[in-house]
Amino acid sequence: MLRIPAEMKRKKYWKETLEAYLYLLPTLAILGMFSFYPVVKSVIISFYDWHLLRKEQYFIGFENYQKLLSDRNFLLAISNTFRYVIGFVPISICLALIIAVLLNNKIRWRGALRLAYFLPWVTSSVAISMVWRWIYNQHYGLLNMALANLAWFVNKVVELVTFGSVAQVWQFSNINWLMEPRWTIINIVIISVWKSIGYYVVIFLAGLQNVPGELYEAAEVDGANSWQSFWKITLPLISPTTFFISIIAIIGAFKMFTEIYVLYTGSPGPLSSGLTIVYYVYRNAFERYRMGYASAAAYILFAIIFVFTLIQMYASKRRVHYDF
Amino acid sequence: MARTGMLAENQMWRYRLSHSLKRFFLYAVLIGGALIMIAPFAWMLSSSLKAPHEISLKYIKWLPESPQWRNYKIAWEAAPFAMYFKNSFFIATVCMLIEVTFSSLAAYAFAKMNFFGKNFLFVLFLGTMMIPGEVMLIPNYMTMVNVGWIDTYYSLIVPWTVSVFSIFLLRQFFMSIPHELFEAAILDGCGKFRYLITVMLPLSKPAVATVMLFKFIGSWNAFLWVLIMTNTPTMRTIPVGLTYFVSDVGAQYNYLMAASTFAMAPILILFLLLQKQFIQGIARTGLKG
Numbered sequence: 001m002l003r004i005p006a007e008m009k010r011k012k013y014w015k016e017t018l019e020a021y022l023y024l025l026p027t028l029a030i031l032g033m034f035s036f037y038p039v040v041k042s043v044i045i046s047f048y049d050w051h052l053l054r055k056e057q058y059f060i061g062f063e064n065y066q067k068l069l070s071d072r073n074f075l076l077a078i079s080n081t082f083r084y085v086i087g088f089v090p091i092s093i094c095l096a097l098i099i100a101v102l103l104n105n106k107i108r109w110r111g112a113l114r115l116a117y118f119l120p121w122v123t124s125s126v127a128i129s130m131v132w133r134w135i136y137n138q139h140y141g142l143l144n145m146a147l148a149n150l151a152w153f154v155n156k157v158v159e160l161v162t163f164g165s166v167a168q169v170w171q172f173s174n175i176n177w178l179m180e181p182r183w184t185i186i187n188i189v190i191i192s193v194w195k196s197i198g199y200y201v202v203i204f205l206a207g208l209q210n211v212p213g214e215l216y217e218a219a220e221v222d223g224a225n226s227w228q229s230f231w232k233i234t235l236p237l238i239s240p241t242t243f244f245i246s247i248i249a250i251i252g253a254f255k256m257f258t259e260i261y262v263l264y265t266g267s268p269g270p271l272s273s274g275l276t277i278v279y280y281v282y283r284n285a286f287e288r289y290r291m292g293y294a295s296a297a298a299y300i301l302f303a304i305i306f307v308f309t310l311i312q313m314y315a316s317k318r319r320v321h322y323d324f
Numbered sequence: 001m002a003r004t005g006m007l008a009e010n011q012m013w014r015y016r017l018s019h020s021l022k023r024f025f026l027y028a029v030l031i032g033g034a035l036i037m038i039a040p041f042a043w044m045l046s047s048s049l050k051a052p053h054e055i056s057l058k059y060i061k062w063l064p065e066s067p068q069w070r071n072y073k074i075a076w077e078a079a080p081f082a083m084y085f086k087n088s089f090f091i092a093t094v095c096m097l098i099e100v101t102f103s104s105l106a107a108y109a110f111a112k113m114n115f116f117g118k119n120f121l122f123v124l125f126l127g128t129m130m131i132p133g134e135v136m137l138i139p140n141y142m143t144m145v146n147v148g149w150i151d152t153y154y155s156l157i158v159p160w161t162v163s164v165f166s167i168f169l170l171r172q173f174f175m176s177i178p179h180e181l182f183e184a185a186i187l188d189g190c191g192k193f194r195y196l197i198t199v200m201l202p203l204s205k206p207a208v209a210t211v212m213l214f215k216f217i218g219s220w221n222a223f224l225w226v227l228i229m230t231n232t233p234t235m236r237t238i239p240v241g242l243t244y245f246v247s248d249v250g251a252q253y254n255y256l257m258a259a260s261t262f263a264m265a266p267i268l269i270l271f272l273l274l275q276k277q278f279i280q281g282i283a284r285t286g287l288k289g
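And the structure:
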């Protein structure tokens, strides 16, 4: 081993530092301009009464935050967002896990099936929300017509089974999906579960591929059925994947905007039932130009996401098993 | 087989029955689910080819009597879709090319060089991934107003030419290439930059392809930023143009579905051609979350 004098080593180190920063220069410039600077800047703006179309801006301390927390609409946006997250995250993860476990068997047309599940994820949210707007149509929408068919079928079966003594157990009349506030969050949950499930399936499949097959063989020899091996082997061993998916699912869910904007053509749904936090930020910043107020709202969103991520990190330390 | 051979006849029969029942349910669930996933696309295609009277039928009809191909022509001409397409293609392509260049340079520095502040920068970069883009939306908008970039290609391209996610993906891949190769090349007098171009990047084709694909699709589908950055139709991309198209045609869903179809067609075709790279790429990102 050649001994290099400390001084030369240091010189080499600084030369390499200079070189490395040349490679990093474009990235640092763009990130500095469009990530680091705005993060700091938006904190500052959030302490101002900042109106875009006005020359002077006034420092008002925490007033924006105080006003937000007593703003009915903002509280509604928070509650809507939470209801959406609580609906979307568990449903999409559970369904994706079920499909991934089923797809992980030795089956025919595996690639084609995976493709079918994945297809919605690559398509544009705008185009696809447009399609769903048509599907949710009260009179001619696919969903109501399919439900009507299903109701007819269920009624027929019940009638046959009970020899005609029970008729019409399911009285179906067309649901006005897009006009009734109680369906708004459910509509959005359906679209986004449908859209993102394939992405989670692909990640789960990668995780499942890492579970050694011998474990299942050993369990089978010991007399475990597939239900038991799912709970005792699969679930614990893919917990890092589940953890990763739950984090990206929650972060993504808190940022819901596009689907609502398109589904309700530029409004947050009937009676603001689809007003999410990002929608609230958008409306205040770009329709009303209240930049300070909107920045404060965006920071509250960031704080919520941050707290959730921390909770998950903490929970994962106790629940996620990294080693086989 | 050896195991089942030792079972009594009726046990074997039961085993076979339960096995085929399981298979049946497996296929039923998977194929049923896949049909539900495909249904909206099929409905979109079917509606886009329907005549006006078929659009307002109160029962499900998948196949239009005579496919109305002219719906596509009418929808295409009802709004400046050719321009929207041109914009989308241009922006997505340029974004993708610049991003992959910048990201490989940065990833190379992180993967193969020792420099002052490396760990600090690494954590800082990671940190930006945790911050929702919506927080930066307002200051970035104001920057664009100040620079005068509203309604220009610059505002739609420049902020999106760096993705920390791509940098990490490429760095991860670069690190998996044996370091001895690097040392040998440097010892033989190969410059670091030349090594990146002639060895590193060609060896990292899958990762580079993933990064490029993600960027192209992300850029093509981007909505909120384009919505607030553009005021004039000449700058709009496909998704934003589509939302304006809705307010123009209203409830004529056959034209709307035709427009949705050609709006998503390029990405769907790209995806179908490159689905293997794509799915492998996603699997890779999930592995060491």
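Chains A and B, in that order, are what the protein sequence lines are.
Going by the numbering used here, 23 is the number at position 23 of the first sequence; the sequence numbering is gapless.
Going by the numbering used here, 98 is the number at position 98 of the second sequence; the sequence numbering is gapless.
No residue lacks a Cβ here, since even glycine has one placed at the ideal position from N, Cα and C.
- Of all residues in the segment 32–47 of chain B, only Gly33, Ala34, Leu35, Ile36, Met37, Ile38, Ala39, Pro40, Phe41, Trp43, Met44, Ser47 come within less than 9 Å of chain A when Cβ atoms are compared, listed by chain position.
- DSSP places A/Asp49 within a strand segment (E or B) once states are collapsed to three.
- Here A/Ile45 has Met291, Gly292, Ser295 as same chain residues with Cβ atoms under 6 Å from its own Cβ, once five neighbours each way along the sequence are excluded.
- Measuring C-alpha to C-alpha distances from A/Tyr48 to each of A/Leu76, A/Tyr58, A/Glu214 identifies A/Tyr58 as the nearest.
- Bounds of the alpha helix (DSSP H) holding A/Gln228 are 226–229.
- Boundaries for A/Tyr289: no alpha helix (DSSP H) harbours it, and the DSSP string shows neither H nor E there.
- Taking C-beta atoms as the reference points, B/Phe102 and B/Thr161 count as a pair closer than 8 Å.
- Excluding residues up to 5 positions away in sequence, Ile267 lie with their Cβ nearer than 6 Å to the Cβ of B/Ile217 in the same chain.
- For B/Asp248, the enclosing alpha helix (DSSP H) starts and ends at 238–249.
- Residues of chain B whose Cβ lies closer than 9 Å to the Cβ of A/Trp194 are, in chain order, Ile36, Met37, Pro40.
- By the C-beta criterion, the segment 110–127 of chain A is judged to be in contact with the segment 194–210 of chain A, since at least 3 inter-stretch pairs fall below 8 Å.
- In this structure, A/Pro268 sits away from A/Glu180, with a CB-CB distance that is not shorter than 8 Å.
- Your pair A/Ile233 and A/Tyr216 checks out as a contact, with CB atoms roughly 6 Å apart and the cut at 8 Å.
- Rounded to the nearest whole angstrom, the C-alpha separation of A/Ala77 and B/Phe116 is 45 Å.
- For B/Gln11, the enclosing alpha helix (DSSP H) has its first and last residue at 9–48.
- Apart from the 5 residues on each side of it in sequence, B/Ser88 sits with its Cβ closer than 7 Å to the Cβ of Trp220, Thr237, Ile238 in its chain, given in chain order.
- B/Tyr153 is outside the set of residues whose beta carbon lies under 8 Å from a beta carbon in chain A.
- Contact holds between the segment 250–264 of chain A and the segment 274–289 of chain A, because three or more Cβ pairs, one in each stretch, are under 8 Å apart.
- Shortest Cα-Cα distance from B/Ile91 to any of B/Tyr154, B/Ala185, B/Tyr108, B/Tyr72 involves B/Tyr154.
- By the criterion of a C-beta distance shorter than 8 Å, A/Glu159 is surrounded in its chain by Val166, Ala167, once the five residues flanking it on both sides are discounted.
- Among the CB atoms of chain B, none fall inside 8 Å of the CB of A/Ser92.
- If you check the CB distance, B/Ile131 and A/Val40 do not come in under 8 Å.
- Chain-order list of chain B residues neighbouring A/Asn105: Leu26, by C-beta distance under 7 Å.
- Non-local beta-carbon contacts of A/Val154 in its own chain, meaning distances under 6 Å to residues more than five positions away in sequence, involve Trp170 in chain order.
- Beta-bridge annotation (DSSP): A/Phe118 is not paired with any residue.
- Under the three-state reduction of DSSP output, B/Tyr59 falls in the coil class, being neither helix nor strand.
- Against chain B, the beta carbon of A/Tyr23 has neighbours under 8 Å at Leu105, Ala106, Tyr108, Ala109, Met113, listed in chain order.
- DSSP places B/Ser104 inside the alpha helix (DSSP H), whose first and last residues are 81–112.
- DSSP places B/Met235 outside any alpha helix (DSSP H), giving it a letter other than H or E.
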